[in-house]
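What follows is a single structure, written as structure tokens, with notes after it.
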Amino acid sequence: MVVIEPGSIKTEWSDIMVDGLLERSGSGPYAELANELAETTREAAGDGSDPQVVAKAIRRAVRSRNPKARYAIGQYAKPLIAARRFGGDRVYDRVVDRMV
């Protein structure tokens, strides 16, 4: 089995996520957090990698005789994986929280 673990990739997903988030939580008790997350998501999407990096990683894994178990690709993928691996869930959660 091979895992393709993308970081920030420029796709329409961020717009879909932000629209749904703000529709459901843009006002009310979670409004401040929802709006901060929406802004951070938009910024990260703007910095994201081209979707072609995902296609290339998939092609590389499929064509390889001995593919890696995990491919971390795109903007922010490797630092997030390292934070979780070396610091555990608490460090990972803090890193993600600081991004917001």
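In the UniProt record's numbering, the protein residues as written are 1 to 100. In this text, a Cβ means the ideal position worked out from N, Cα and C, and glycines have one as well.
Just the Cα atoms here: how many angstroms apart are residue i and residue j?
i            : j             : result
residue 159  : proline 29    : Lying before the first or after the last residue shown, residue 159 is absent from the chain, which here runs from 1 to 100.
glutamine 75 : valine 2      : 20 Å
proline 6    : valine 96     : 15 Å
isoleucine 4 : proline 67    : 11 Å
alanine 55   : arginine 70   : 15 Å
alanine 83   : arginine 90   : 9 Å
alanine 72   : isoleucine 81 : 8 Å
Considering only residues of the same chain and omitting the five flanking positions on each side of residue i, which have a CB-CB separation below 7 Å?
i          : result
leucine 21 : Ala34, Leu37 and Ala38
Where does residue i land, buried or exposed, given buried means 16+ other C-beta within 10 angstroms?
i             : result
isoleucine 16 : exposed
valine 53     : buried
glycine 48    : buried
What are the boundary residues of the alpha helix (DSSP H) that includes residue i?
i            : result
valine 2     : First-last for valine 2: undefined, no H or E at that position.
glutamate 23 : 13–25
ask   = In chain order, which continuous runs of the beta strand (DSSP E) of length 3 or greater are located wholly inside the stretch 37–83?
value = Given a length threshold of 3 residues, each whole run of the beta strand (DSSP E) inside the stretch 37–83 is given here in chain order: 70–73.
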